[in-house]
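Residue numbers (full-length UniProt numbering), protein chains in the order written: chain U, 1 to 526; chain V, 1 to 526. Note that CB positions come from ideal geometry on N, CA and C, so glycine has one too. It should be emphasised that the depicted structure is a prediction, and the values quoted were computed from it without experimental measurement.
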């Protein structure tokens, strides 16, 4: 029996071109349920339904959409056991503390924060110029396709994660394309979302779900005239193909791709608290078996005794720590390939490098080392992302060489700099930060990059090729909603015809609006 | 003698692959100065200098960049006669009232408003989360290439217009690519900008100028790793080629392309004040010989006596009004071609349709008519932009057909709806606006689209293919600066290392910042 797709409010048999099964990475066994590979007919039907839902949603009060999100968040919390069960089988991630205690509450929290922003309209940058008679705000831009990744089945899931919540909160329906590693988990979320939709009176087609398509159909989907925009989190190669298709059609696409998240450790930091930094690095590097978007994949330091000690300590810990389970056979194979690429380029293998057991998806914790000169000689090669429990240490001869290494970096989500709290690294910090900041979406001090707080000030984004655009964040409410908005000006539009956000009266009494140059929650003065 | 390019603060001979001359459209005679067609060597040198200037600008106080802009604005005002003289020769636009009294003051005003936003940092959406220890804001993203259009040699000029001012105010140097119709005008602006740079202590390479490149070099320029982003205003075909190149390299590009700016006139409006609407339409349609981005190219009405009267009145006025001068031989030729295309599709020619005089660039004021059915049968064809003094009237059988016409529209900068002030059109308005708003960047009531106020609430943008992205505006400070910013989060960054915009103390005492969820100009409380 093949699972059903969710199209236009009904679970129905897919017009399928084939089926697939997910694998339990803890056993390497295929999971029983067969999921359909949708043909274009499924995509086309979902697009029609989404387009109709988007029209309907334009006249819904924001509060109703917010209620849908809140109802959905409650259902997620209530269904925690079932969701965690499915995700643990499909992803190999630990039920506790990871899935049940961290990712699930984060997911429902993100949805609730998005609901709050939807209700308040604080994301829409309402701007009123009373003298010119012009008012503007961001509005929904149409159906959003969301392609979720394999590494956060809840918090970035295609019908549960940040892109989903942001797209809905901005007033758009979502067509979710499940990550093929977690189809059953995603199906369970879609069931809850549909229930919430039916109970709160939003269009059923506010959420739809397909599990997989052929590549050509995926490209056709993101470039279809009925689509408003796409959010994608996943591999660089697949993402760039979708980007090319969407770009050619003039459709916005927001991508979160690969990132090696450089961590620079300056000498004074190692001297003053090297042991602590070893601990922090270990936790960050091996958390979730290294499968975080913000995993510290490249650590850069300057040669010297303290660096040697750091490397030795990390090497010991990599060797002695148990290897976690990887998300899928494809992840294991890709990690193997990346490590091989780095070794072929001349990186020295300090730990791991091979598979550990045959009956699960796993690879020994892998630590590689290269010199600054090696890195600079082939920066593209040495920035090969090794997604998983592998990190590359780069040892520069001196600060000048370290700076040169940073100058060769591509765009990244994060960049960390550890420096001496006593101030001995302050000059070096300035030089390093100056080169690093333009390359990253988030700069951190004295702190590892994993852990993406859900904060209004969070930027989970960064320059290409970490993402597709340097101006947007995938996390952080309300900023992340802007991606799914269309700016609209109302010029001389009669008062009764203005959207509520732009009416004289503040729609909620607490919606921030820029009126004649100043942000305020007041009404427009008569 | 060939004009010099401005690279790295020096007027120097171009490494040219050829030369070109502009034409005076009032006489069809070539203007004397030869301008170089730059080779890649010029582009490469400009990119190097811009990249270095961008690094330098990152450490300049915002106030210094603001002073540069203000000094430049003053110089523009003082050099008005010379600028107007050059622009009148090259563009055929009237010295007065257009160039001297409208466009020039608008241009220096835009620059001053951008300077004010630069100084206050109000564009950067500074966001502070004290509990999480995360702060974010938009920052410069690197050198910006600006390709200016032919129709606003000042206000959208590549080294004087809105994109230029926005890019600089966001902290980025500009490489201007002059529009080939107005090279001497653009050269004069660049001279003033260089003087202002030298007097205010910003890097000389904050502004550079080339006049023309081969197509391949243009595409290479916008996709070069040293570039931060590109602003382009011009033809759809050239713009989309640049977009493809920039997209493939992951470089943001903001395009303002073609737009037919639909104007819907509902029956009650024609009945209640038809004669006034004729006047308003005539002014808007023939202003600047119809060469405004927001020219009302398509007027849609419902058949009936009032519509017949409107058409007759407009036809008479089109026939009796003198034909203005077009911007260049290329514009005249393209307008001729577009009118021919529309006639070939079956549009009825009510006025004009041919060239009027041999010794200047001009075409008779051209009015075309089609039925709603014709339009719906080939919407792409009937949306052929006829850039210049030509408009298409579309007469629908009834409101339902009018809605169908609107549903077939592509993205546009503007959409206008005229309706009865007495309320008889209110139901029709709702139906029309519902279809129209998703298609346009700015919706207007009872008002023609020409006239793009410089207002914080202005959106001069719109869905593809009117522009490249539905979320951005080319006009309206501070919103238009966001295009040239990169979002950066500072996570746990030590207080002394934060950018001034994110420090506890409000940098100007009047910079709006979102602190813990509320917009305020206060300092962060200790």
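### Query
Which whole-angstrom value is the C-beta distance of residue 26(U) and residue 360(U), which I expect to be below 8 Å?
5 Å
### Message
Let's test the definition: count the other Cβ atoms within 10 Å of the Cβ of residue 527(V) and tell me whether it reaches 16, buried, or not, exposed.
### Response
Because chain V here runs from 1 to 526, residue 527(V) falls outside it and cannot be looked at.
### Task
Could you confirm whether any beta carbon from chain V is found closer than 8 Å to the beta carbon of residue 447(U)?
Yes, residue 447(U) counts as interfacial toward chain V.
### Interface partners of residue 187(V) on chain U, CB under 8 Å
By Cβ distance, chain U contributes nothing, its closest Cβ being about 31 Å from residue 187(V), past 8 Å.
### Residue environment, residue 460(V), which counts as buried when at least 16 other CB atoms sit within 10 Å
buried
### Query
Using DSSP with H/G/I as helix, E/B as strand and the rest coil, what is residue 1(V)?
coil
### Query
Relative to the C-alpha of residue 3(U), which residue among 116(U), 143(U), 188(U), 396(U) is closest?
188(U)
### Burial state of residue 130(U), where buried means 16 or more other Cβ atoms lie within 10 Å
exposed
### Message
At a CB distance below 8 Å, what residues from the stretch 474 to 497 of chain V approach chain U? Give them in sequence order.
### Response
476, 479, 482, 483, 485, 486, 487, 488, 489, 490, 491, 492, 493, 494, 497
### Message
Between which residues of its own chain and residue 319(V) is the CB-CB distance below 6 Å, once the five residues before and five after are set aside?
### Response
351
### Task
For residue 512(V), decide whether its Cβ has a neighbour in chain U, counting only Cβ atoms nearer than 8 Å.
For residue 512(V), at least one C-beta of chain U is nearer than 8 Å to its own C-beta.
#### Entry: Three-pair Cβ contact test at 8 Å for the stretch 264 to 275 of chain U versus the stretch 335 to 345 of chain U
no
### Query
Which bits of chain V does residue 468(U) rub up against, with CB to CB less than 8 Å?
Within chain V, 250 have C-beta atoms less than 8 Å from the C-beta of residue 468(U), given in sequence order.
### Message
Any beta carbon from chain A within less than 8 Å of residue 506(V)'s own beta carbon?
### Response
Included in the structure are the protein chains U and V, with no chain A among them.
### Query
If contact means a Cβ-Cβ distance below 9 Å, which residues of the stretch 41 to 61 of chain V contact chain U?
54, 55, 58, 59
### Message
Could you compute how far the alpha carbon of residue 296(U) sits from the alpha carbon of residue 412(U)?
### Response
11 Å
### Query
Under a Cβ-count criterion, where at least 16 other Cβ atoms within 10 Å of its own Cβ denotes burial, should residue 10(V) be classed as buried or exposed?
Residue 10(V) should be labelled exposed.
### Whole-number beta carbon distance between residue 449(U) and residue 480(U), since they are thought to touch under 8 Å
The Cβ separation is near 18 Å, so there is no contact.
### Contacting residues, own chain, Cβ-Cβ under 6 Å from residue 435(V) (five flanking each side not counted)
A distance below 6 Å between beta-carbons, with the five flanking residues on each side excluded, links residue 435(V) to the following residues of its chain, in chain order: 403, 406, 407.
### Message
Just to confirm the assignment: which complete alpha helix (DSSP H) runs, minimum length 4, are found wholly within the stretch 19 to 96 of chain U?
### Response
40 to 57, 62 to 78, 80 to 91
### Task
Decide if the stretch 240 to 250 of chain U is in contact with the stretch 214 to 229 of chain U; the criterion is three or more beta carbon pairs, one per stretch, under 8 Å apart.
yes
### Message
Any contact between the stretch 142 to 155 of chain U and the stretch 225 to 235 of chain U? By contact I mean 3 or more CB pairs, one from each, below 8 Å.
### Response
A contact is defined here as three or more CB-CB pairs under 8 Å, and the stretch 142 to 155 of chain U meets this definition with respect to the stretch 225 to 235 of chain U.
### Task
From the DSSP output, in three-state form, read off residue 123(V) for me.
helix
### residue 288(U) burial status per 10 Å Cβ neighbour count (16 or more: buried)
buried
#### Entry: Simplified DSSP assignment, three categories, for residue 226(V)
coil
### As assigned by DSSP and simplified to three states, the class of residue 220(V)
helix
### Query
Is it buried or exposed for residue 410(V), if we count other Cβ within 10 angstroms and need 16 for buried?
buried
### Query
Which stretch, first to last residue, makes up the beta strand (DSSP E) that contains residue 299(U)?
298 to 302
#### Entry: Proximity below 8 Å, CB of residue 38(V) to CB of residue 253(V)
no
### Task
Measure the C-alpha to C-alpha separation of residue 372(U) and residue 394(U) and round it to an integer number of angstroms.
6 Å
### Query
Do the CB positions of residue 508(V) and residue 106(V) come within less than 8 Å of each other?
Their beta carbons are not under 8 Å apart, which means residue 508(V) does not touch residue 106(V) by this criterion.
### Message
Just verifying my parser: in three-state terms, what is the DSSP assignment at residue 361(V)?
### Response
coil
### Task
Pull up the DSSP beta-bridge partners for residue 177(V), would you.
147(V), 210(V)
### Query
Under a three-way DSSP split, which group does residue 320(U) fall into?
helix
### Message
With three or more C-beta pairs closer than 8 Å as the rule, is the stretch 498 to 505 of chain V touching the stretch 505 to 525 of chain U?
### Response
Judged by Cβ distances under 8 Å, the stretch 505 to 525 of chain U makes no contact with the stretch 498 to 505 of chain V, as fewer than three pairs qualify.
### Task
With residue 329(U) as the anchor, note down where its alpha helix (DSSP H) starts and where it stops.
Note, residue 329(U): alpha helix (DSSP H), 329 to 344.
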